[in-house]
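Just so you know, full-length UniProt numbering puts 18 at position 18 of the sequence shown, and the rest follows in order with no gaps.
Each remark here refers to the structure printed beneath this line.
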Amino acid sequence: MSEPLFTAVSFYSLAGVVGILGTAYAASNSLLRKNASFGERATFVWLAFDALIHFIFEGSFLYYSTFGRTVNSGVGVFATMWREYARADFRWGTADETVVSLELLTVFGAGPLCCYILYQLMNNDLRRHYWIVVLCTAEIYGGWMTFCPEWLTGSKNLRTDNFLYFWVYLMVRLASVDFDSVTYIWVLGAYTVDESTLGLYSSVANDRFLQCHYGSGAEPS
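Encoded structure:
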């Protein structure tokens, strides 16, 4: 008798992702200023969602995949959840060195950077645009290095013959990388013509003009 396609573990795993997305949206309503633009609010939701995923889900993966531990031998809700995902990508059940190395960068690098950008966004700090580009570039690289080795070797560790595992687990994860790519382009395009950003550029250009023509700290008479 074949195993069921969609199980209780599948349900609470996907429900957890939806719950984190809802938490990120609620945080945007309570922490972000009321006159924030749609783009700023969408960015806040994505960053908060990204941070929570890194800390909660991927952080638990690191716990079960370091110091001799593996997801396949782990005990607990998160170990069960990761074993479910490991049905789609076998590497996650065996503490694959490449995957663990990438997740160390993700949890301890990308996660805190998300929080820092959220803080900048809450304070309308325009320097956040630079760090968003840095974050998105890192996310694209991480996603590429997660899946490209498998594509080059015939996807020997990926389960591509099952609808749930391939189209829901693997493709949703891959789609999140594509969303990061879109965000990356959007940041470079839309945000560079944002009025506040143009105002910053204008202020910097004006300061440079005064320094060149009147000297450092000098004022025109």
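Think of the CB as a built atom: it goes at the ideal place given N, C-alpha and C, for glycine as much as any other residue.
Quick caveat: nothing in here was measured; it's all calculated off a predicted structure.
**OP:** State the beta-bridge partners of residue 158 as determined by DSSP.
**Re:** DSSP output for residue 158 lists 89 as bridge partner(s).
Subject >> Cα-Cα separation between residue 17 and residue 158, rounded to whole angstroms >> reply: Cα to Cα, residue 17 sits roughly 21 Å from residue 158.
Original post:
Just reading off the alpha helix (DSSP H) that residue 119 is part of, what are its end residues?
Top reply: From DSSP, the alpha helix (DSSP H) with residue 119 extends over 111-122.
**OP:** Mind checking which residues open and close the alpha helix (DSSP H) that includes residue 139?
**Re:** Here the alpha helix (DSSP H) through residue 139 covers 128-152.
Subject >> Outcome for residue 139 when other beta-carbon atoms lying within 10 angstroms are tallied against a minimum of 16 >> reply: With at least 16 other beta carbons inside 10 angstroms of its own, residue 139 counts as buried.
Subject >> For residue 93, the nearest candidate out of 79, 103, 102 (CA to CA) >> reply: Nearest option by C-alpha distance: 79.
Original post:
Where do the N-terminal and C-terminal ends of the alpha helix (DSSP H) with residue 46 fall, by residue?
Top reply: Secondary structure note for residue 46: its alpha helix (DSSP H) is the uninterrupted segment 38-52.
Original post:
Quick one, which of 145, 137, 90 has its alpha-carbon nearest residue 113's?
Top reply: Residue 137 is the option with its Cα nearest to residue 113.
Original post:
Are the region 41-56 and the region 102-112 in contact at 8 Å, needing three or more beta carbon pairs?
Top reply: Yes: the two stretches touch, three or more of their Cβ pairs being nearer than 8 Å.
Original post:
Contact between the region 98-106 and the region 56-66: three or more CB pairs below 8 Å?
Top reply: Two segments are said to touch when three or more pairs of C-beta atoms, one from each, lie closer than 8 Å; by this definition the region 98-106 touches the region 56-66.
Original post:
So, is residue 244 buried or exposed, given that buried needs 16 or more other C-beta atoms within 10 angstroms?
Top reply: The chain is shown from 1 up to 221; residue 244 falls before or after that span and cannot be answered.
Original post:
Just curious, the alpha helix (DSSP H) that residue 61 is in, first and last residue?
Top reply: According to the DSSP assignment, residue 61 belongs to the alpha helix (DSSP H) that extends over 59-64.
Original post:
Between residue 5 and residue 134, what straight-line distance do the alpha-carbon atoms span, to the nearest angstrom?
Top reply: Each residue's Cα considered, the two are about 39 Å apart.
Original post:
If you draw a straight line from the alpha carbon of residue 72 to that of residue 89, how long is it in whole angstroms?
Top reply: For residue 72 and residue 89, the distance between alpha carbons rounds to 12 Å.
Subject >> Under the three-state DSSP convention, the category residue 74 falls into >> reply: The answer is coil: DSSP assigns residue 74 none of H, G, I, E or B.
Subject >> For residue 79, the three-state DSSP class (helix, strand or coil) >> reply: DSSP places residue 79 in the helix class (H, G or I) of the three-state scheme.
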